[in-house]
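What follows is a set of notes on a single structure, which appears directly below.
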Amino acid sequence: TRGFPDFKLHLAQSLANGTPYVNRNVNEDDSVESYTGKIFESAMATLDHVRHSLDKSAINRAVDLLTQAKKIAFFGLGPSAAVAHDAMNKFFRFNVPVVYSDDIVLQRMSCMNCSDGDVVVLISHTGRTKNLVELAQLAREND
Numbered sequence: 001t002r003g004f005p006d007f008k009l010h011l012a013q014s015l016a017n018g019t020p021y022v023n024r025n026v027n028e029d030d031s032v033e034s035y036t037g038k039i040f041e042s043a044m045a046t047l048d049h050v051r052h053s054l055d056k057s058a059i060n061r062a063v064d065l066l067t068q069a070k071k072i073a074f075f076g077l078g079p080s081a082a083v084a085h086d087a088m089n090k091f092f093r094f095n096v097p098v099v100y101s102d103d104i105v106l107q108r109m110s111c112m113n114c115s116d117g118d119v120v121v122l123i124s125h126t127g128r129t130k131n132l133v134e135l136a137q138l139a140r141e142n143d
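Residue numbers for the sequence shown follow full-length UniProt numbering, so the first one is 1 and each next one is one higher.
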């Protein structure tokens with residue numbers, strides 16, 4: 001893109017046709033100013049896409065489940081495990097028992113031992129990680 005007006009045009013076009021605009025034109029010879037501008041353009045477009053695609057009723061339901069939980073388990077694998085660990089640290093402040101594991105065997109055991117009022121939060125970049133999809137099924141079956 002060439003400046004903010006061009007970015008706005010690309011963003012408007014992407015919103016009109018439903019595809020998120022992401023500036024992938026990062027070149028080796030880009031200046032720091034150009035490169036950082038492209039990073040911010042991409043981040044803003046992604047956030048705007050997420051904002052418009054959020055299911056507000058699902059968010060309300062998730063908030064209700066979390067605020068009424070007897071225990072919250074945070075699980076992730078690979079890089080998502082760090083996000084799950086950070087979430088566990090943040091939720092610890094709410095005086096609700098929280099657990100975290102990055103070990104798939106312990107995660108499975110926890111999901112198999114879920115009881116009424118327990119909430120399992122699975123964190124995945126794609127939402128299609130096979131092991132985490134299986135954990136979701138286990139948690140549902142044992143709820």
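Beta carbons: idealized from backbone N, C-alpha and C, even for Gly.
Practice problem: Please classify L138: is it buried, with 16 or more other beta-carbons within 10 angstroms of its beta-carbon, or exposed? | Solution: buried
Quiz item: Start and end of the alpha helix (DSSP H) containing K70?
Solution: Premise fails: K70 is in no alpha helix (DSSP H) and is neither H nor E.
Quiz item: What's the call for Y100, buried or exposed, on a 16-neighbour Cβ count within 10 Å?
Solution: buried
Quiz item: Alpha carbon to alpha carbon, what distance is there between S31 and E134?
Solution: 45 Å
Quiz item: Does the pairing of the segment 65-80 with the segment 102-122 give three or more beta-carbon distances under 8 Å?
Solution: yes
Self-check item: DSSP state of G76 mapped onto helix, strand, coil
Solution: strand
Quiz item: What residues match up with Y100 in a beta bridge as DSSP calls it?
Solution: F74
Quiz item: CB A136 to CB D102, shorter than 7 Å?
Solution: no
Quiz item: Taking the DSSP output, what are the residues bridged to L122?
Solution: F75
Quiz prompt | Where the alpha helix (DSSP H) through N131 begins and ends | solution = K130 to E141
Exercise. Tell me whether N27 sits in a helix, a strand or coil according to DSSP, three-state version.
Key: coil
Quiz item: In three-state terms, what does DSSP make of C114?
Solution: coil
Practice problem: Just the C-alpha distance for L9 and D55, rounded to the nearest angstrom, thanks. | Solution: 26 Å
Exercise. Output the distance between the C-alpha atoms of D143 and K70, rounded to the nearest integer angstrom.
Key: 13 Å
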